[in-house]
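See structure below.
2 protein chains.
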Amino acid sequence: MSVRYAILGMLSRQPLSGYDIKKAFAESTALYWSGNSNQVYPALLALRQEGLVESEVQQQNRYPAKKVYSLTEEGLAALKEWLLLPPEAPRTRSTFLTQLAWSDLLSSEELRQMLDGYQEEVNTRLLMQREKARRDRMIPRRTSRESVIWEQIAGHDAALYERELEWLKGLRTALEEVEG
Amino acid sequence: MSVRYAILGMLSRQPLSGYDIKKAFAESTALYWSGNSNQVYPALLALRQEGLVESEVQQQNRYPAKKVYSLTEEGLAALKEWLLLPPEAPRTRSTFLTQLAWSDLLSSEELRQMLDGYQEEVNTRLLMQREKARRDRMIPRRTSRESVIWEQIAGHDAALYERELEWLKGLRTALEEVEG
DNA sequence: CAAACCATGTAAGCTGTTACATGATTTC
DNA sequence: GAAATCATGTAACAGCTTACATGGTTTG
Numbered sequence: 371m372s373v374r375y376a377i378l379g380m381l382s383r384q385p386l387s388g389y390d391i392k393k394a395f396a397e398s399t400a401l402y403w404s405g406n407s408n409q410v411y412p413a414l415l416a417l418r419q420e421g422l423v424e425s426e427v428q429q430q431n432r433y434p435a436k437k438v439y440s441l442t443e444e445g446l447a448a449l450k451e452w453l454l455l456p457p458e459a460p461r462t463r464s465t466f467l468t469q470l471a472w473s474d475l476l477s478s479e480e481l482r483q484m485l486d487g488y489q490e491e492v493n494t495r496l497l498m499q500r501e502k503a504r505r506d507r508m509i510p511r512r513t514s515r516e517s518v519i520w521e522q523i524a525g526h527d528a529a530l531y532e533r534e535l536e537w538l539k540g541l542r543t544a545l546e547e548v549e550g
Numbered sequence: 371m372s373v374r375y376a377i378l379g380m381l382s383r384q385p386l387s388g389y390d391i392k393k394a395f396a397e398s399t400a401l402y403w404s405g406n407s408n409q410v411y412p413a414l415l416a417l418r419q420e421g422l423v424e425s426e427v428q429q430q431n432r433y434p435a436k437k438v439y440s441l442t443e444e445g446l447a448a449l450k451e452w453l454l455l456p457p458e459a460p461r462t463r464s465t466f467l468t469q470l471a472w473s474d475l476l477s478s479e480e481l482r483q484m485l486d487g488y489q490e491e492v493n494t495r496l497l498m499q500r501e502k503a504r505r506d507r508m509i510p511r512r513t514s515r516e517s518v519i520w521e522q523i524a525g526h527d528a529a530l531y532e533r534e535l536e537w538l539k540g541l542r543t544a545l546e547e548v549e550g
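Sequences listed follow chains A and B, in order.
Counting from 371, one number per residue, gives the positions in the first sequence under the working numbering.
Counting from 371, one number per residue, gives the positions in the second sequence under the working numbering.
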């Protein structure tokens, strides 16, 4: 249900079209939604019906007309209310851990290849995330407090991948001891 | 689609009833599914239709009869095939990060309370996870290699929460600097 | 005697994904 | 001339969750 609030949050900074919002999701990792049209457009239509956003059609000469959405007072109030809800602990879903759980069925060689593949994949993500964080730093912020917050958010996922690589190293060491 | 493989994995150790599998999901964090009946029972019926598992009804005197499922040769082959698929990087979905992203709308006091709430929630999860890991260590393992693997899996989530608390500490320090 | 456990299953709903449909414009 | 971008939306399906339905047994 919270993609709605992520949208309201984006609109709290500036009016945006559905297309803009879609792009912002695709570029962000903290706002983890994939940014597909089926999530954004219907959500905006629903939010407008509930009076949390309002829209204005802007004609353009080169490109198709766009519907620019902005936050209403009710929308801002709803967003603030949601911000005060008790925070949840993060939920990680790792298909890899499920594979690893039954990996005793594999040979040593196959297990090693599996770990290699995972390390490479996580490492690629880490590099991508660092690049995203670098570009994120270009976006202007409302206050210096917001600067600090967004900096920390950008670092969050990179840190996650770094820890994952460390954990993997530990796993390898432990396995080497038992496999000889 | 991988709840199917998690079930096949469990059955690779020993025959189990749907109820057993449900409980095992509920007790595990690495196998992250909630363990609700609607996921387990239909999956088992489908797996049987596909010939990956077979079932036998066991009568009991005190309790209702149970259907005990076991892995077929085809099932074991399908599981091994899945284990060799290229591993994916973990995906974390943190509602908290979304809330934090727009938390510049809150007062310093409200933000502090939000961080307090998150810290407490993550800390509670950490303690629960450590307890789960402790109980996990009681379960017998097939090989010493499997022991090592399961030990590392049990430690994975605890480590995640520990890192999250460290990150939060860093966020607080950075905020104090800017808020004075 | 209430709550929890054993045991199987179904209904309804929310969230999220890929892919489709349309069509002009701009970049390589 | 193909691919990407701008722009809005829909269809179909996969995954997961809470709650419901049923009914005996055991524990506190």
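Note that the Cβ used here is the ideal one computed from N, Cα and C, for glycine as well.
Since we're looking at a predicted model, the values are computed, not measured.
Extract the residue ranges of the beta strand (DSSP E) inside the region 441 to 472 of chain A, only unbroken runs of 3 or more that lie entirely within it.
Qualifying beta strand (DSSP E) stretches, in chain order: 461 to 463.
Could you name the residues of the same chain whose beta carbon sits closer than 8 Å to that of A524 of chain B, not counting the 5 residues immediately before and after it, in chain order?
In the second sequence, counting from the first residue as 1, residue 524 of chain B sits at position 154. Same-chain partners within the cutoff: A400, K502, A503, D506 and R507.
Short Cβ contact (7 Å threshold) for L415 of chain B with G445 of chain B:
Walking along the second sequence from the start, residue 415 of chain B turns up at place 45. Walking along the second sequence from the start, residue 445 of chain B turns up at place 75. Annotated as distal: L415 of chain B and G445 of chain B, with beta-carbon spacing of 7 Å or more.
Applying the criterion that 16 or more other CB atoms from any shown protein chain within 10 Å of the CB defines a buried residue, is A448 of chain B buried or exposed?
Within the second sequence, numbered from 1, the residue matching residue 448 of chain B stands at position 78. A448 of chain B comes out buried.
Distance, A435 of chain B Cα to M380 of chain A Cα:
Translated into the one-based positions of the first sequence, residue 380 of chain A becomes position 10. Translated into the one-based positions of the second sequence, residue 435 of chain B becomes position 65. Rounded to whole angstroms, M380 of chain A to A435 of chain B spans 54 Å at the Cα level.
Does any residue of chain A bring its CB to less than 7 Å from the CB of L422 of chain B?
Against the second sequence, residue 422 of chain B aligns to sequence position 52. Using a CB distance cut-off of 7 Å, L422 of chain B does not count as an interface residue toward chain A.
In the DSSP assignment, find the unbroken beta strand (DSSP E) run with E424 of chain B in it and report its ends.
One-based indexing of the second sequence puts residue 424 of chain B at position 54. Counted as a single uninterrupted DSSP element, the beta strand (DSSP E) harbouring E424 of chain B occupies residues V423 to Q428.
Out of A:E458, A:K437, A:E480 and A:D527, which one is the CA nearest neighbour of V327 of chain A?
Residue 327 of chain A lies beyond the stretch modelled for chain A, which goes from 371 to 550, so this question has no answer here.
When B:E397, B:D486 and B:Q522 are compared against F466 of chain A, the one with the closest alpha-carbon
The sequence position of residue 466 of chain A within the first sequence is 96, counting from 1. Among B:E397, B:D486 and B:Q522, the Cα nearest to that of F466 of chain A belongs to B:Q522.
Less than 6 Å between the CB of Q409 of chain B and some heavy atom of the ligand ADP, yes or no?
In the structure on display, the ligand ADP does not appear, and there are no ligands present to speak of.
Would you call P510 of chain A buried or exposed, if buried means 16 or more other Cβ atoms sit within 10 Å of its Cβ?
Counted from its first residue, the first sequence places residue 510 of chain A at position 140. By the 10 Å Cβ count, P510 of chain A comes out exposed.
With DSSP collapsed to three states, give me the class of L496 of chain B.
Within the second sequence, the letter at position 126 stands for residue 496 of chain B. Residue state, collapsed to three classes: helix.
Give every residue of the same chain whose Cβ lies closer than 8 Å to the Cβ of L496 of chain B, excluding the five residues on either side of it in the sequence, and list them in chain order.
Reading the second sequence from its first residue, position 126 is the one you call residue 496 of chain B. Around L496 of chain B: A528, Y531, E532 and L535.
Can you give me the Cβ contacts of I391 of chain B inside the same chain, cut-off strictly under 7 Å, excluding the 5 residues immediately before and after it?
Taking the second sequence and counting its residues from 1, the one referred to as residue 391 of chain B is at position 21. Around I391 of chain B: I377, M380 and V410.
Terminal residues of the continuous alpha helix (DSSP H) containing P412 of chain A?
The sequence position of residue 412 of chain A within the first sequence is 42, counting from 1. Segment S407 to Q419, the alpha helix (DSSP H) holding P412 of chain A.
Among B:S473, B:S517 and B:T543, the one whose alpha carbon lies nearest that of E516 of chain A
For this step, residue 516 of chain A is matched to residue 146 along the first sequence. Nearest to E516 of chain A by C-alpha distance, out of B:S473, B:S517 and B:T543, is B:S473.
Could you check the C-alpha separation between N406 of chain A and S372 of chain B for me, to the nearest Å?
For the purposes of this step, residue 406 of chain A is identified with residue 36 of the first sequence, where counting begins at 1. For the purposes of this step, residue 372 of chain B is identified with residue 2 of the second sequence, where counting begins at 1. Separation of N406 of chain A and S372 of chain B (C-alpha to C-alpha, rounded to the nearest whole angstrom) is 23 Å.
Chain A partners of V492 of chain B, CB-CB under 7 Å?
Within the second sequence, the letter at position 122 stands for residue 492 of chain B. Within 7 Å Cβ-Cβ: A459.
Determine, using beta carbons only, whether Q469 of chain B comes closer than 7 Å to chain A.
Residue numbering aside, residue 469 of chain B sits at position 99 when the second sequence is read from its first letter. For Q469 of chain B, the answer is yes, since a Cβ of chain A falls inside 7 Å of its Cβ.
How many angstroms separate the CA atom of E547 of chain A from the CA atom of S477 of chain A?
Residue mapping note: residue 547 of chain A aligns to position 177 of the first sequence, counting from 1. Residue mapping note: residue 477 of chain A aligns to position 107 of the first sequence, counting from 1. Taking the straight line from one Cα to the other gives about 16 Å.
To which residues of the same chain is T442 of chain A closer than 8 Å at the C-beta, ignoring the five residues directly before and after it?
Within the first sequence, numbered from 1, the residue matching residue 442 of chain A stands at position 72. Same-chain partners within the cutoff: G421, L422, V423 and E424.
Buried or exposed: where does P412 of chain B fall if 16 or more other Cβ atoms within 10 Å of its Cβ makes it buried?
The residue labelled residue 412 of chain B in the question sits at position 42 within the second sequence. Answer is exposed; the Cβ neighbour count stays below 16.
Name the DSSP bridge partner or partners of K437 of chain A?
Within the first sequence, numbered from 1, the residue matching residue 437 of chain A stands at position 67. The partner list for K437 of chain A (beta bridge, DSSP) reads A:V427.
Closer than 6 Å by C-beta to A396 of chain B: which residues in its own chain qualify, once you throw out the five before and the five after it? Chain order, please.
Within the second sequence, the letter at position 26 stands for residue 396 of chain B. Around A396 of chain B: G405.
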